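Residue 475 in the working numbering sits at position 81 of the sequence shown, and the numbers go up by one each step.
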Amino acid sequence: MPKPRTSETDSHPYLRAATAGIRHHRRVVSGSLPASLPDRGHLDTLHAHLTELHRLLDQLAEAARPPHPAAGRHLAAARTRLWQATTDIHAAFHLLPATSADSTECQSGQLPEGPPFLTICQRHLAAGHVVRRKTTPTDLHRAPHTTACVR
């Protein structure tokens, strides 16, 4: 597979390494027969990654908006769709059965206790506060739109 070209030599090494790590993990998961089921720890780690990607997209959208409003709007739309994916990962986490490694079972109507429940729920609530300050409920429930490449 040819190495992708960039305008600068390794301009974003950590982001590139994170992408390579996800690509490697996807190959490992898809290569196991039968396909391995996700566990709560796996979804907790994926949720942490998506939350950080959401924060990065938020910063990029804010930086792009004044000089390039159209690009900023597209980045903001991507940020919203990423938050929708993060919310679905959080919901899936709570729908998976608890393993013996989980300290206590998360029950509806009570605060979750112990890792990894506390970790993922606290992270999701903290990110949710930021999302609610910058996004309307209508935007969060709007179906994703498709865009065409302008070049």
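Glycine is no exception: its CB is placed at the ideal position from the N, C-alpha and C atoms. Keep in mind the model is a prediction, meaning the values are calculated, not measured.
> Excluding the five sequence neighbours on either side, which residues of its own chain have a C-beta within less than 6 Å of the C-beta of alanine 458, listed in chain order?
Replying inline: On the sequence shown, residue 458 is found 64 positions in, with the first residue counted as 1. Excluding positions up to five away in sequence, the list reads Ala465, Gly466 and Leu469.
>> Can you tell me whether arginine 536 is helix, strand or coil according to DSSP?
In response: Locating residue 536 in the sequence shown gives position 142, where the first residue counts as 1. DSSP places arginine 536 in coil when its eight states are reduced to three.
> Whole-angstrom Cβ separation of arginine 434 and phenylalanine 487, contact assumed at under 8 Å?
Replying inline: Position 40 of the sequence shown holds residue 434. Position 93 of the sequence shown holds residue 487. The C-beta distance from arginine 434 to phenylalanine 487 rounds to 6 Å, short enough to fall under 8 Å.
>> For leucine 534 and arginine 526, what's the separation of their Cα atoms in angstroms?
In response: Counting from 1 along the sequence shown, the entry for residue 534 is found at position 140. Counting from 1 along the sequence shown, the entry for residue 526 is found at position 132. A direct Cα-Cα distance of roughly 9 Å separates leucine 534 from arginine 526.
> Going by Cα to Cα distance, which pick from His418, Leu431, Pro432 and Thr439 is closest to cysteine 515?
Replying inline: Translated into positions along the sequence shown, residue 515 becomes position 121. Nearest option by C-alpha distance: Thr439.
> Which residues in the same chain have their Cβ closer than 7 Å to the Cβ of isoleucine 483, if we skip the five residues on either side of it in sequence?
Replying inline: Here residue 483 is taken as the residue at index 89 of the sequence shown, counted from 1. The beta carbon of isoleucine 483 sits closer than 7 Å to those of Leu437, Leu440, His441 and Leu444, all from its chain and outside the five residues before and after it, given in chain order.
> Since proline 407 is in the alpha helix (DSSP H), which residue starts that stretch and which ends it?
Replying inline: As a working note, residue 407 is residue 13 in the sequence shown. For proline 407, the enclosing alpha helix (DSSP H) has its first and last residue at 407-425.
> When we look at the beta-carbon of leucine 431 and count the other beta-carbons within 10 Å, is it buried (16 or more) or exposed?
Replying inline: Numbered from 1 along the sequence shown, position 37 holds the residue referred to as residue 431. With fewer than 16 Cβ atoms within 10 Å of its Cβ, leucine 431 is classed as exposed.
> Helix or strand or just coil, what does DSSP make of alanine 492?
Replying inline: By 1-based counting over the sequence shown, the position of residue 492 is 98. If DSSP states are grouped into helix, strand and coil, alanine 492 belongs with coil.
> Below 9 Å between beta carbons: does that hold for histidine 448 and leucine 476?
Replying inline: Numbered from its first residue, the sequence shown carries residue 448 at position 54. Numbered from its first residue, the sequence shown carries residue 476 at position 82. In this structure, leucine 476 lies closer than 9 Å to histidine 448 by Cβ.
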